[in-house]
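Worksheet for the structure shown next.
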Amino acid sequence: MEAMRGGKFLQKFRLYETRSKFYLVGRDKSRTLWRVLKIDRLESTDLGIQEDPTSYTENECQELLWRIHEGNRLTGGLKFVTKCYGIIGFMKFLGPYYMVIITRRRKVGTICGHDIYSIGKSEMIAIPCPIVCPNVANSRDENRYKRLLCSVDLTKDFFFSYSYNIMRSLQKNINDKNTGHVVYETMFVWNEFLTRAMRNHLKNTDWTVALVHGFFKQSKLSLSGKDFWLTLIARRSRHFAGTRFMKRGVNEKGRVANDVETEQIVFEDTPDDIPSQITSVVQHRGSIPLVWFQETSRLNIRPEITCKLCTVSLL
Numbered sequence: 001m002e003a004m005r006g007g008k009f010l011q012k013f014r015l016y017e018t019r020s021k022f023y024l025v026g027r028d029k030s031r032t033l034w035r036v037l038k039i040d041r042l043e044s045t046d047l048g049i050q051e052d053p054t055s056y057t058e059n060e061c062q063e064l065l066w067r068i069h070e071g072n073r074l075t076g077g078l079k080f081v082t083k084c085y086g087i088i089g090f091m092k093f094l095g096p097y098y099m100v101i102i103t104r105r106r107k108v109g110t111i112c113g114h115d116i117y118s119i120g121k122s123e124m125i126a127i128p129c130p131i132v133c134p135n136v137a138n139s140r141d142e143n144r145y146k147r148l149l150c151s152v153d154l155t156k157d158f159f160f161s162y163s164y165n166i167m168r169s170l171q172k173n174i175n176d177k178n179t180g181h182v183v184y185e186t187m188f189v190w191n192e193f194l195t196r197a198m199r200n201h202l203k204n205t206d207w208t209v210a211l212v213h214g215f216f217k218q219s220k221l222s223l224s225g226k227d228f229w230l231t232l233i234a235r236r237s238r239h240f241a242g243t244r245f246m247k248r249g250v251n252e253k254g255r256v257a258n259d260v261e262t263e264q265i266v267f268e269d270t271p272d273d274i275p276s277q278i279t280s281v282v283q284h285r286g287s288i289p290l291v292w293f294q295e296t297s298r299l300n301i302r303p304e305i306t307c308k309l310c311t312v313s314l315l
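Numbered by the UniProt record's numbering, the letters in the sequence shown go through residues 1 to 315 in order.
In structure tokens, the structure reads:
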């Protein structure tokens with residue numbers, strides 16, 4: 001926990017573009033660490049990512065952007081695209097790669113000084129320059145797949161943290177200091193596949209956020225003159241997930257349907273956000289671990305309509 005608090009994490013980003021590259025500039029919360037990520041736009045089907053190994057100051061980063069602008073002045077220079085708060089992942093359908101980024105976030109709580117956020121808005125940006133693959137990028141099938149992806153509402157029930165491994169329980173975070181690839185490969189990180197290519201290439205997770213799907217709610221309570229925080233977290237497994245009547249039992253890999261880990265965390269409210277007393281209770285549930293299913297049509301019982309006949313006698 002303390003190790004996570006002491007580290008510097010990129011939390012705010014600005015995306016720039018030239019005709020040949022995207023430049024993603026990231027900084028930490030204190031504005032003391034500035035990094036640059038370069039994404040090739042001349043590749044039509046491959047993903048070309050290069051991380052600048054230099055750690056810049058704010059002034060040095062501004063000078064770098066100015067030099068990039070001057071070097072690309074004949075082709076339009078360096079243009080600002082958008083500000084964002086992390087990369088959700090990269091994906092491709094029939095041709096070019098797309099980058100999904102968080103353009104708006106909402107703070108939903110804090111765990112021992114670590115801020116927890118939900119997604120306010122996301123955006124999908126095509127990586128290649130339009131002159132590289134104009135036909136495939138605007139094809140009928142490509143647009144259909146993009147509409148299907150955009151129909152997934154990331155603003156509901158997804159949450160993340162830059163400095164806290166929210167995909168793991170409090171006990172695991174205290175006892176195990178693993179970070180990076182290890183925590184992304186857990187069952188509760190829903191964008192593990194979308195970030196895999198980037199993580200394997202860069203050998204780090206500095207630019208991506210690990211999305212957890214489920215429920216997060218935090219409330220401040222008072223008892224006997226003492227204030228404390230009550231936090232309820234539900235983490236849904238990304239394996240064998242689906243609606244209740246469509247996914248039942250266990251699959252061939254031993255993963256049960258509707259697998260959810262629920263954690264209740266209680267800690268005292270302190271000025272420095274470092275509580276001396278903290279408790280956590282974890283409950284894990286899922287479908288019955290047997291190979292079984294239900295026919296939904298058989299559950300839709302239609303009652304028969306009967307007409308009751310009665311004789312009326314007149315006296």
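Just so you know, even glycine gets a beta-carbon here, dropped at the ideal spot from N, CA and C. Please read these numbers as outputs of a predicted model, since none were measured by experiment.
- Between Phe188 and Met167, the beta carbon gap of about 4 Å places them in contact (Cβ cut-off 8 Å).
- Around Thr208, the same chain offers Ile87 and Thr195 as residues with beta carbons nearer than 6 Å, after the five sequence neighbours per side are excluded.
- Phe240 counts as buried, since no fewer than 16 other beta carbons sit within 10 angstroms of its beta carbon.
- Its Cα nearest to that of Val36, the residue Ile49 stands out among Ile49, Ser30, Glu43 and Ser44.
- When beta bridges are read from the DSSP output, Cys84 appears opposite Phe13.
- A straight-line Cα-Cα distance of about 49 Å links Ser55 and Ser224.
- At a Cβ-Cβ threshold of 9 Å, Thr18 and Lys79 count as neighbours.
- For Gly71, the enclosing alpha helix (DSSP H) starts and ends at Glu58 to Gly71.
- Asn251 is classed as exposed because its beta carbon has fewer than 16 other beta carbons within 10 Å across all chains shown.
- Out of Arg244, His201, Thr231 and Ala210, the CA that lies nearest to the CA of Ser280 is found in Thr231.
- For Val209, the secondary structure class from DSSP, reduced to helix, strand or coil, is coil.
- The alpha-carbon separation between Cys150 and Thr205 amounts to approximately 24 Å.
- Annotation: Met99 to Phe22 spans about 11 Å, alpha carbon to alpha carbon.
- Along the segment 104-173, the alpha helix (DSSP H) occurs as fully enclosed runs of 4 or more residues at 134-137 and 140-150, listed in sequence order.
- Two segments are said to touch when three or more pairs of C-beta atoms, one from each, lie closer than 8 Å; by this definition the segment 62-80 does not touch the segment 123-134.
- Looking at Lys203, Met198, Leu148 and Gly71, the one whose alpha-carbon comes closest to that of Ser20 is Gly71.
- Bridge partners of Asp273 according to DSSP: none are assigned.
- Collapsing the DSSP output to three states places Thr18 in coil.
- The alpha-carbon separation between Gly89 and Leu211 amounts to approximately 10 Å.
- Spanning the alpha carbons of Phe13 and Asn175 requires a straight line of approximately 32 Å.
- Annotated three-state conformation of Met198 is helix, per DSSP.
- Per DSSP, reduced to three states, the secondary structure at Leu94 is coil, with no helix or strand assignment.
- Val183 carries a helical assignment under DSSP once its states are collapsed to helix, strand and coil.
- Scanning its chain for C-beta atoms nearer than 6 Å, with the 5 sequence neighbours on each side dropped, one finds around Cys129 the residues Arg19 and Arg41, in chain order.
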